[in-house]
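Residue numbers (the numbering used here): 8 to 443. Idealized CB from N, CA, C, for every residue including glycine.
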Amino acid sequence: MQKAQKVAHRLAITLLLVCTMQTAYGGNKATPEQHNNIPADLGPRPFYLVDGMDDGELKEKLEACKNQPFYRTPFSIGHRGAAAQFPEHTRESYIAGASMGAGILECDVTFTADGELVCRHAQCDLHTTTNILTTELNSHCTQPWDPNNPNPDTVKCCASDLTLAEFKSLKGKMDSFDPTATSAEAYQGGVPDWRTQLYDARGTLMTHKESIELFQQLGVEFTPELKVGDPGAKTTIDDVFGSQQAYAQKMVDDYIAAGVNPNQVWPQSFNLDDIHYWIAKAPKFGKQAVFLDERYENGLNPNDASTFQPSMQALAEAGVNIIAPPIPLLLRVTDDGDIVPSVYAAKAREAGLKIITWTLERSDLRRGSRTGSDAEGRPQTTFYYGFDINPLAQAVNKDSDQYKVLDALAQKVGVIGVFSDWPATTTYYANCMNLK
Numbered sequence: 008m009q010k011a012q013k014v015a016h017r018l019a020i021t022l023l024l025v026c027t028m029q030t031a032y033g034g035n036k037a038t039p040e041q042h043n044n045i046p047a048d049l050g051p052r053p054f055y056l057v058d059g060m061d062d063g064e065l066k067e068k069l070e071a072c073k074n075q076p077f078y079r080t081p082f083s084i085g086h087r088g089a090a091a092q093f094p095e096h097t098r099e100s101y102i103a104g105a106s107m108g109a110g111i112l113e114c115d116v117t118f119t120a121d122g123e124l125v126c127r128h129a130q131c132d133l134h135t136t137t138n139i140l141t142t143e144l145n146s147h148c149t150q151p152w153d154p155n156n157p158n159p160d161t162v163k164c165c166a167s168d169l170t171l172a173e174f175k176s177l178k179g180k181m182d183s184f185d186p187t188a189t190s191a192e193a194y195q196g197g198v199p200d201w202r203t204q205l206y207d208a209r210g211t212l213m214t215h216k217e218s219i220e221l222f223q224q225l226g227v228e229f230t231p232e233l234k235v236g237d238p239g240a241k242t243t244i245d246d247v248f249g250s251q252q253a254y255a256q257k258m259v260d261d262y263i264a265a266g267v268n269p270n271q272v273w274p275q276s277f278n279l280d281d282i283h284y285w286i287a288k289a290p291k292f293g294k295q296a297v298f299l300d301e302r303y304e305n306g307l308n309p310n311d312a313s314t315f316q317p318s319m320q321a322l323a324e325a326g327v328n329i330i331a332p333p334i335p336l337l338l339r340v341t342d343d344g345d346i347v348p349s350v351y352a353a354k355a356r357e358a359g360l361k362i363i364t365w366t367l368e369r370s371d372l373r374r375g376s377r378t379g380s381d382a383e384g385r386p387q388t389t390f391y392y393g394f395d396i397n398p399l400a401q402a403v404n405k406d407s408d409q410y411k412v413l414d415a416l417a418q419k420v421g422v423i424g425v426f427s428d429w430p431a432t433t434t435y436y437a438n439c440m441n442l443k
């Protein structure tokens, strides 16, 4: 591309992003159809990762796209926004995710003491994701920080400990804590060195309704996740809503009240009963309900179909259309070092289930996937690369190898979307491979 063409292209991107950001900060609402063709501002990371790849066909394909324009895509899902660098579930994180081309953004949904739905990863995570411990609201926590007996292990602060007004007075920060802290201020540290606190100066907390309005303005689709209740919280789901079903209905009702097309909503839950409820009682939303699968915590082996309880076919027959396991359930590594689909992935596809997965860019891969060996000498890995345990071959040896993983997920498994903490990486791949 000639220099003048590059300048003109960059100017076009800038102007369109400025218009989008103006909309996000108070302009008119836009539809996803209007914004699907908006250019994405990817920044340097995707190009850095491609440059670091081993020579081969995949690198050649990705390099050939470097000078093309990049656009927003629903294949790229902003996991809590752009949580690798921005405080998760904040206005700033969501806007960053959209600017990097995420066509779908996630609000994890929990609740306040007065029954308002808010965007937080868990009912009780305020002590690690906000500044609550250094404010007067510390005293409202289920287990406050005690300056006379400082113990990081005993702290628990829940959205349900606060009213909506109190919740909104807090500031979001990077999700972290220092387990050795002896003061509330020090407890707020502990951010991994591969993340950053550069964007902690302001972190605007969001209600679920505010996220809907913002996402409408940005022109992206919605993937709210109904969070399970914390049994250790002072206030329970039943205390506030009367039942789990009423809680699940309230989340859907917020979209109905905002006039959102159900085809633009991908409601999620780890609780299969929530999925069944939406299928039965809110079928227009249940059609795209996403079953987040954490059955690996209860003995599911991704390469042994006998451990799939219920089976993939049983899920499909119950009306589940979309399943969303973490990345390690979908892949395995052959003795030759190839990344191929797991039995789990094959059985899901056989049953007709669509697959979404999580989470790219949530691991430090600068030294590869492996963290050492266990007592028997078996390879140990970071959680999201738990498939890379073949003792004869390691597939992910550096950060650039995550494009090998993404390629296997897209081309071999056939996922329809990937959650990412830094959506630009996935946006680059999806555009280059012409994924819709």
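What is the DSSP secondary structure of Trp429, reduced to helix, strand or coil?
Here residue 429 corresponds to residue number 422 of the sequence shown, with the count starting at 1. Residue state, collapsed to three classes: coil.
On a Cα-Cα basis, can you pick out the residue from Thr242, Phe54 and His128 that is closest to Ala90?
In the sequence shown, residue 90 corresponds to position 83, counting from 1. The shortest C-alpha separation from Ala90 is found at His128.
Run through DSSP, which three-state label would Thr119 get?
To locate residue 119, count along the sequence shown from 1; it is residue 112. Three-state DSSP puts Thr119 in coil, outside helix and strand.
Could you tell me which of Tyr194, Pro53 and Asp115 sits nearest to Asn138, measuring between CA atoms?
If you number the sequence shown from 1, residue 138 lands on position 131. For Asn138, the nearest C-alpha among the options comes from Tyr194.
What's the C-alpha gap between Leu336 and Ala415?
Numbered from 1 along the sequence shown, position 329 holds the residue referred to as residue 336. Numbered from 1 along the sequence shown, position 408 holds the residue referred to as residue 415. Roughly 13 Å between the two C-alpha positions.
For the alpha helix (DSSP H) containing Arg52, name the first residue and the last one.
If you number the sequence shown from 1, residue 52 lands on position 45. Element bounds for Arg52: Arg52 to Asp58.
Would you tell me roughly how many angstroms separate the C-alpha atoms of Leu359 and Asn328, rounded to the nearest one?
Counting from one through the sequence shown, the residue named residue 359 turns up at place 352. Counting from one through the sequence shown, the residue named residue 328 turns up at place 321. Looking at the sequence shown, residue 359 is not Leu but Gly. Spanning the two alpha carbons is a distance of roughly 8 Å.
Measuring CA to CA, which of Arg369, Gln320, Asp342 and Phe394 is closest to Arg356?
For the purposes of this step, residue 356 is identified with residue 349 of the sequence shown, where counting begins at 1. Minimum Cα distance to Arg356 is reached at Gln320.
Hey, His96 and Cys114 are a contact pair by Cβ (cut 8 Å); roughly how many whole angstroms apart?
Indexing the sequence shown from 1 puts residue 96 at position 89. Indexing the sequence shown from 1 puts residue 114 at position 107. The pair is a contact, with the Cβ atoms about 7 Å apart (cut-off 8 Å).
Between the beta-carbon of Arg377 and the beta-carbon of Trp201, is there less than 9 Å?
Numbered from its first residue, the sequence shown carries residue 377 at position 370. Numbered from its first residue, the sequence shown carries residue 201 at position 194. No, the pair does not count as a contact, with Cβ atoms beyond the cut-off.
If you compare alpha carbons, which of Trp429, Pro159 and Gly421 is closest to Thr203?
Sequence index remark: in the sequence shown, residue 203 carries index 196 (1-based). Nearest of Trp429, Pro159 and Gly421 to Thr203, Cα basis: Trp429.
Can you say whether Asn441 is buried or exposed, counting buried as having 16 or more other CB atoms within 10 angstroms of its CB?
Residue mapping note: residue 441 aligns to position 434 of the sequence shown, counting from 1. The residue in question, Asn441, is exposed, as its Cβ has fewer than 16 Cβ neighbours within 10 Å.
What residue from Ile45, Gly85, Asp168 and Ala188 has the CA that sits closest to Asp246's CA?
Residue 246 sits at position 239 when you count from the first residue of the sequence shown. With distances taken between Cα atoms, Asp246 lies closest to Asp168.
Note down, in chain order, each residue of its chain lying with its Cβ closer than 8 Å to the Cβ of Gln234, except the 5 sequence neighbours on either side.
Sequence index remark: in the sequence shown, residue 234 carries index 227 (1-based). The sequence as given places Lys at residue 234; Gln does not occur at that position. Only Asp115, Val116, Thr117, Arg127, His128, Ala129 and Gln130 meet the Cβ criterion.
Buried or exposed, going by whether 16 or more other CB atoms sit within 10 Å of the CB of Leu399?
As a first step, residue 399 is located in the sequence shown; it is residue number 392 there, counting from the start. By the 10 Å Cβ count, Leu399 comes out exposed.
Which residue or residues does DSSP assign as beta-bridge partners of Leu233?
Indexing the sequence shown from 1 puts residue 233 at position 226. According to DSSP, Leu233 bridges with Val116.
From what residue to what residue does the beta strand (DSSP E) around Thr80 run?
Reading the sequence shown from its first residue, position 73 is the one you call residue 80. Element bounds for Thr80: Thr80 to Gly85.
To the nearest angstrom, how far is it from the Cα of Val227 to the Cα of Val422?
Here the question's residue 227 lines up with position 220 in the sequence shown. Here the question's residue 422 lines up with position 415 in the sequence shown. In a straight line, the C-alpha of Val227 is about 19 Å away from that of Val422.
Residues in its own chain within less than 7 Å of Glu70 by CB, not counting five upstream and five downstream?
Start at 1 with the first residue of the sequence shown, and residue 70 comes out as number 63. Counting only Cβ-Cβ distances below 7 Å, and skipping sequence neighbours, we find Val57.
By alpha-carbon positions, which one of Gly108, Ile84, Tyr284 and Pro274 ends up nearest to Leu299?
By 1-based counting over the sequence shown, the position of residue 299 is 292. Looking at the Cα atoms, Pro274 is the closest of the given residues.
Distance check for Phe222 and Tyr32, CA to CA, integer angstroms please.
Within the sequence shown, the letter at position 25 stands for residue 32. Within the sequence shown, the letter at position 215 stands for residue 222. Caution is warranted here: a pLDDT of 44 is assigned to Tyr32, below 50, making its placement in the model unreliable, and the coordinate value is therefore given only provisionally. The straight-line gap from Cα to Cα measures roughly 11 Å.
Quick check on Lys443 - is its C-beta less than 9 Å from some C-beta in chain D?
Of the protein chains in this structure there is only one, and it is not chain D.
Quick one: residues in its chain with C-beta nearer than 8 Å to the C-beta of Thr141, no 5 flanking neighbours on either side, listed in chain order?
Locating residue 141 in the sequence shown gives position 134, where the first residue counts as 1. Excluding residues within five positions, the ones whose Cβ falls inside 8 Å are Ala191, Glu192 and Gln195.
Please classify Arg385 as buried or exposed, where buried requires at least 16 other C-beta atoms within 10 Å of its C-beta.
Walking along the sequence shown from the start, residue 385 turns up at place 378. Exposed.
Measuring CB atoms only, is the region 146-156 touching the region 245-260, in the sense that at least three cross pairs come out at less than 8 Å?
Not touching, per the Cβ criterion.
Per DSSP, Lys178 forms a beta bridge with which residues?
On the sequence shown, residue 178 is found 171 positions in, with the first residue counted as 1. Answer is Thr211.
Going by DSSP, name the residue or residues bridged to Phe298.
Against the sequence shown, residue 298 aligns to sequence position 291. DSSP lists Ser276 and Ile330 as partners of Phe298.
Classify Ser100 as buried or exposed, calling it buried when 16 or more other Cβ atoms lie within 10 Å of its own Cβ.
Taking the sequence shown and counting its residues from 1, the one referred to as residue 100 is at position 93. Under this definition Ser100 is a buried residue.
Do Gln387 and Gly375 have their CB atoms nearer than 9 Å?
Walking along the sequence shown from the start, residue 387 turns up at place 380. Walking along the sequence shown from the start, residue 375 turns up at place 368. Against a cut-off of 9 Å, the Cβ pair of Gly375 and Gln387 comes out as no contact.
In terms of alpha-carbon separation, which member of Pro332, Ser349 and Pro333 lies closest to Val340?
Against the sequence shown, residue 340 aligns to sequence position 333. Taking only the C-alpha atoms, the option nearest Val340 is Ser349.
Sorted by chain position, which residues of the same chain lie with C-beta nearer than 6 Å to Tyr436's C-beta, five sequence neighbours on each side aside?
Numbered from its first residue, the sequence shown carries residue 436 at position 429. Excluding positions up to five away in sequence, the list reads Leu413.
Identify, in the order they occur along the chain, each residue of the same chain with its Cβ nearer than 8 Å to the Cβ of Asp182, setting aside the five sequence neighbours on each side.
Taking the sequence shown and counting its residues from 1, one reaches residue 182 at position 175. Only Ala90, Pro94, Glu95, His128, Asp132, Thr135 and Thr136 meet the Cβ criterion.
Just to check my reading of the structure: Ile84 and Phe426 have Cβ atoms closer than 8 Å, yes? What is that Cβ distance to the nearest angstrom?
On the sequence shown, position 77 is the one that residue 84 refers to. On the sequence shown, position 419 is the one that residue 426 refers to. The pair is a contact, with the Cβ atoms about 5 Å apart (cut-off 8 Å).
Could you give the residue range of the alpha helix (DSSP H) that holds Val497?
An answer regarding residue 497 cannot be provided, because it is not within the stretch 8 to 443 covered by the chain.
From Thr434 to Val403, what distance separates their C-alpha atoms?
By 1-based counting over the sequence shown, the position of residue 434 is 427. By 1-based counting over the sequence shown, the position of residue 403 is 396. Whole-angstrom Cα-Cα distance: 20 Å.
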